[in-house]
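Residue numbers (the numbering used here): 21 to 503.
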């Protein structure tokens, strides 16, 4: 994947350096804040630049979840037994195919210590568990199931344990998380420059990254970074040209999760410097149907009226499956006993019928297909069984109370929130790698500028989780001058 030469500057073209620091961080979201904290606490002079008028990035408006486990202090306080191996087994199964073991292994091994680090920087967590399905939208509980741990086949691979760690506030969890991290970064003595865009990386003849060319309100500035540049500038959900090239399915999603600075600049800078971008088609696509959880008693069907997934999976896995494997064309078939409107997002009903046959006809499905699907499902649900997809028995009940309806999950009718997961390839230290798997000296990245722990099977908190974790690692490694 070729880079844009305009985003690269040869050192011979830099007449003088306007400023010299040890570590330069590009982007002040969660990953950038954690990178800056670690580098500054290691004694480095750190400058964080951001195109916006202030810190926070996309992270400040996020759900604030960190996907952590392996026996965190919060898990232990609430009586949940987890281990790095158990967490690893789940993530290797959920984040595949082709999961990145090199990143997942240290993430799981050091996850509990990472939680302690976040708490030590002032982020509060309530010692309470949220019993809902996935996300405590309006709860200050600290721990929640935020993935598909309870769903088949993952409950057969790893012991189900909650790993969604949510800051102690009912609303604005991302803001609480970021405000604490920003305060910690400023307290560590970092310097900041807002409304400053990194337009090019400066490279030596040997390919090592020496610094950045910034465009500021005062004009162009060249900043030398003696120990390394860390790219933490977000993903590319707001760049339709990049989406069309790399992740065209995401163009079907009506809700872009991020800010307009999620335009892929960090990725393009890394490519121009010789880095490799991977998994660029990947994205997190949410299906925000639940709550109400009664809807899980319905069945997902494709355009032919056939089931394709167990309905008790995490809504990110459901959305991803519909978008990438069903070409964004699916329905949730319900009956009168389980139909309730979702609490947080509007829906459209694609069809209604007094019989399944009428509903099938209204949806334009092949004759008899939906009828057979519902009859087979009902036969086994009455016995508390789901031989095809193994949905949990608590969500199994025959669909036998008319009228029958189909919630429209086609992309043109349903609002799918989405963000990108593909990006620069990094090693466990956050060093940007070339397509020959060699690190580029002096260049690091973290957060959604990179391809992190999840390509598929995203669980809430994995983005902030790996961004903060590998941001810290990049900050430490850069500050030590090992780039």
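Built from N, CA and C at the ideal position, the CB exists for glycine as well. Treat the numbers as computed from the prediction; the structure is a model and nothing was measured.
Taking DSSP's pairing of strands, which residues face residue i in a bridge?
i	result
residue 326	According to DSSP, residue 326 bridges with nothing at all.
residue 210	None, per the DSSP bridge assignment.
residue 241	234
residue 444	297 and 470
residue 28	221
residue 275	437
residue 249	44 and 463
residue 229	223
residue 86	185
Compute the minimum distance between the beta carbon of residue i and the heavy atoms of the ligand ZN, and state whether it is under 7 Å.
i	result
residue 56	This structure lacks the ligand ZN, and indeed carries no ligand of any kind.
Could you check where the beta strand (DSSP E) with residue i kicks off and where it finishes?
i	result
residue 70	66-70
residue 223	217-223
residue 372	369-373
residue 45	39-46
Whose C-alpha, out of the options, is nearest the C-alpha of residue i?
i	options	result
residue 471	439, 498 and 38	439
residue 363	371, 313 and 254	313
residue 442	468, 448, 413 and 209	468
residue 219	213, 108, 211 and 234	234
residue 365	310, 414, 394 and 337	310
residue 253	68, 474 and 454	68
residue 286	37, 47 and 258	47
residue 124	138, 109, 136 and 430	109
residue 106	79, 89 and 377	89
residue 84	29, 43, 163 and 209	163
residue 78	197, 31, 432 and 100	197
residue 320	127, 394, 256 and 481	394
residue 407	434, 389, 327 and 369	327
residue 146	97, 289, 459 and 491	97
residue 81	99, 128, 41 and 193	193
residue 336	209, 388, 169 and 185	169
residue 36	450, 152 and 222	222
residue 236	212, 246 and 249	212
residue 477	113, 411, 149 and 152	113
residue 116	42, 491, 317 and 341	341
residue 451	391, 151 and 249	249
residue 372	348, 405, 423 and 188	423
residue 185	41, 359 and 480	480
Quick one: give me the first and last residue of the alpha helix (DSSP H) that residue i is part of.
i	result
residue 287	285-292
residue 459	Premise fails: residue 459 lies in the beta strand (DSSP E), 459-465, not in any alpha helix (DSSP H).
residue 451	Where residue 451 is concerned, there is no enclosing alpha helix (DSSP H), although the beta strand (DSSP E) it sits in stretches over 451-453.
residue 394	389-401
residue 104	104-114
residue 497	482-499
residue 266	260-266
residue 95	93-97
residue 379	376-382
residue 280	Per DSSP, residue 280 belongs to no alpha helix (DSSP H) and is neither H nor E.
residue 405	Here residue 405 belongs to no alpha helix (DSSP H), and DSSP marks it neither H nor E.
residue 358	Premise fails: residue 358 is in no alpha helix (DSSP H) and is neither H nor E.
residue 58	50-61
Quiz item: Quick one: complete beta strand (DSSP E) runs, 3+ long, within the region 412-441?
Solution: 424-428 and 437-440
Quiz prompt | Unbroken stretches of the beta strand (DSSP E), 3 residues or longer, contained in the region 123-192 | solution = none
Quiz item: Can you find at least 3 beta carbon pairs, one from the region 221-240 and one from the region 176-187, that sit closer than 8 Å?
Solution: no
Quiz prompt | Whole beta strand (DSSP E) elements within the region 294-354, 3-residue minimum | solution = 303-305 and 319-321
Quiz prompt | Three CB pairs or more closer than 8 Å across the region 218-232 and the region 461-475 | solution = yes
Quiz item: Counting Cβ pairs, one atom from each stretch, are 3 or more of them under 8 Å apart for the region 478-490 and the region 49-63?
Solution: yes
Self-check item: Segment contact, 8 Å Cβ cut-off, at least three pairs: the region 393-409 with the region 417-431
Solution: yes
Quiz item: Is the region 274-283 touching the region 64-83, taking contact as three or more C-beta pairs under 8 Å?
Solution: yes
Quiz item: Should the region 318-331 be regarded as contacting the region 343-360, the criterion being three or more beta carbon pairs within less than 8 Å?
Solution: yes
Practice problem: Say whether the region 198-206 touches the region 162-177, bearing in mind that this needs 3 or more beta-carbon pairs closer than 8 Å, one atom from each stretch. | Solution: no
Quiz item: Would you say the region 443-452 touches the region 377-389, given that touching needs at least three Cβ pairs under 8 Å?
Solution: no
Quiz item: If you pair each beta-carbon of the region 54-62 with each one of the region 260-268, do three or more pairs fall below 8 Å?
Solution: no
Quiz item: Touching or not, the region 285-302 and the region 122-138, by the rule of three or more beta carbon pairs under 8 Å?
Solution: no
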